[in-house]
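Under my numbering, think of the first position of the sequence shown as 8, with each following residue one higher. Where is the CB? At the ideal position from N, CA and C, for every residue including glycine. Owing to the predicted nature of the structure, the values given are computational and were not obtained by experimental measurement. Below is one structure; the comments refer to it alone.
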Amino acid sequence: MATLYIPAADTIPVAWGWFQFFLLLTFPLHLLAMNAMLGGLAVGVGQQFIGGSVRDRLAHRLAVALPLVIAFAVNFGVAPLLFLQVLYGQFMYTSSILMGLFWISIVPLLIVAYYGAYLYDFKFSRLGGAGKWIGLAVLLMLLTIAYFFVNNMLLMSLPEAFAGYFQHRAGTMLASGEEVFPPRYLHMVTGALAVGGLFVALVGQFRSEQDGELAAHARDVGMKVFFRLTLVNICLGVWYLLSQERDTMLLFMGGNRGATAVFSLALLVIVVILVAAYRRRLAVTVGSVVLLVYLMSFMRAWLRSDYLAEVFRLDQLAVVPQYSPLIFFLVVLLGGLIVIGWLLKKTAAALVESGASR
Numbered sequence: 008m009a010t011l012y013i014p015a016a017d018t019i020p021v022a023w024g025w026f027q028f029f030l031l032l033t034f035p036l037h038l039l040a041m042n043a044m045l046g047g048l049a050v051g052v053g054q055q056f057i058g059g060s061v062r063d064r065l066a067h068r069l070a071v072a073l074p075l076v077i078a079f080a081v082n083f084g085v086a087p088l089l090f091l092q093v094l095y096g097q098f099m100y101t102s103s104i105l106m107g108l109f110w111i112s113i114v115p116l117l118i119v120a121y122y123g124a125y126l127y128d129f130k131f132s133r134l135g136g137a138g139k140w141i142g143l144a145v146l147l148m149l150l151t152i153a154y155f156f157v158n159n160m161l162l163m164s165l166p167e168a169f170a171g172y173f174q175h176r177a178g179t180m181l182a183s184g185e186e187v188f189p190p191r192y193l194h195m196v197t198g199a200l201a202v203g204g205l206f207v208a209l210v211g212q213f214r215s216e217q218d219g220e221l222a223a224h225a226r227d228v229g230m231k232v233f234f235r236l237t238l239v240n241i242c243l244g245v246w247y248l249l250s251q252e253r254d255t256m257l258l259f260m261g262g263n264r265g266a267t268a269v270f271s272l273a274l275l276v277i278v279v280i281l282v283a284a285y286r287r288r289l290a291v292t293v294g295s296v297v298l299l300v301y302l303m304s305f306m307r308a309w310l311r312s313d314y315l316a317e318v319f320r321l322d323q324l325a326v327v328p329q330y331s332p333l334i335f336f337l338v339v340l341l342g343g344l345i346v347i348g349w350l351l352k353k354t355a356a357a358l359v360e361s362g363a364s365r
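Right, dumping it as structure tokens:
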């Protein structure tokens, strides 16, 4: 493979394992928040389109949660994006430039979607039937953002495609024509919608003593959505696996002991999830899904490394020791987690108090 179009890698201040550790630690948190955002909104809009008193109440509760969930999805996405840029900057910066027109459009799309989410929340009752169309517009914008992100994450893993710049000089290059793109995107979106069903079930349990009908309905709808879409996503996952090159696919079937072990464990966790979801064991299902998301993130890292193995390995990164930024980051991270915990506690208390006052 020609490496002419791949920039030189930057030096890093500490061993690459630190950045990989924090990438694998923080990325699943972003995925969980993103899934709650996308899936929760989709269920809420769907409930409004179907109509009915309890469905409208569920849609309203999900609309109230939407701006907060978007904020968490965006903020939890910053850290893994930065760690990814540190480790694979020469690939990600290049792919971002190649699809620059679409990549930069994420910013205005997100701003408009965020504004729409607040409108959907604060004006829910006043909007009436028009609200579902605003919710649908926000959902379509978020799906478009996801489309661009999946394109970039795939394109950065295909340096052999970088020469396509000469046919797309205006920053309009995408990876959506690759064979692996459709199953990759559909697998991600369907998984998000499924996990969003769990979020709906959890949201329904909040203040359940004040509206038992809503709590029961949210749990029923959420678990059904999760179970059915998970079955669909298993099929999409098989399609995604089979769309890989043979050597890449075999990486998870004995080609690499670590990758094979994680893949095997993920299959076992999927069985546990399906059984727990079928029996409506919400706590077990949620815990298993969190574990599965982490396992899938590990597999994603192996897949990326295999894609780039011909031109780059992480142990090729040159280290110029400078430990103070890492120490400062760890201190800020700890402080941030404490503040987020305090914020969630205060938010929950305020919601309970406002509900009691009604």
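Among all the DSSP beta bridges, which residues are the ones paired with residue i?
{"i": "residue 326", "result": "19"}
Could you check what DSSP says for residue i in three-state terms: helix, strand or coil?
{"i": "residue 187", "result": "coil"}
{"i": "residue 14", "result": "coil"}
{"i": "residue 265", "result": "helix"}
{"i": "residue 173", "result": "helix"}
{"i": "residue 286", "result": "coil"}
{"i": "residue 130", "result": "coil"}
{"i": "residue 196", "result": "helix"}
{"i": "residue 182", "result": "coil"}
{"i": "residue 112", "result": "coil"}
{"i": "residue 318", "result": "coil"}
{"i": "residue 165", "result": "coil"}
Taking its Cβ as the centre, do 16 or more other Cβ atoms sit within 10 Å of residue i, making it buried, or is it exposed?
{"i": "residue 34", "result": "buried"}
{"i": "residue 139", "result": "buried"}
{"i": "residue 109", "result": "buried"}
{"i": "residue 332", "result": "exposed"}
{"i": "residue 63", "result": "buried"}
{"i": "residue 199", "result": "buried"}
{"i": "residue 206", "result": "buried"}
Please report the distance separating the alpha-carbon of residue i from that of residue j.
{"i": "residue 308", "j": "residue 241", "result": "20 Å"}
{"i": "residue 186", "j": "residue 215", "result": "46 Å"}
{"i": "residue 349", "j": "residue 79", "result": "14 Å"}
{"i": "residue 113", "j": "residue 148", "result": "9 Å"}
{"i": "residue 341", "j": "residue 269", "result": "29 Å"}
{"i": "residue 166", "j": "residue 220", "result": "54 Å"}
{"i": "residue 193", "j": "residue 246", "result": "10 Å"}
{"i": "residue 144", "j": "residue 75", "result": "18 Å"}
{"i": "residue 49", "j": "residue 66", "result": "10 Å"}
May I ask which residues mark the beginning and end of the alpha helix (DSSP H) holding residue i?
{"i": "residue 259", "result": "Looking at the DSSP string, residue 259 is not in any alpha helix (DSSP H), and its letter there is neither H nor E."}
{"i": "residue 220", "result": "219-249"}
{"i": "residue 144", "result": "138-162"}
{"i": "residue 311", "result": "289-315"}
{"i": "residue 62", "result": "60-105"}
Any heavy atom of the ligand ADP closer than 7 Å to the beta-carbon of residue i?
{"i": "residue 152", "result": "No copy of the ligand ADP appears in this structure; indeed no ligand is present at all."}
Contact criterion: CB-CB distance below 8 Å. Does residue i meet it with respect to chain D?
{"i": "residue 353", "result": "Absent here is chain D; the protein component of the structure consists of one chain."}
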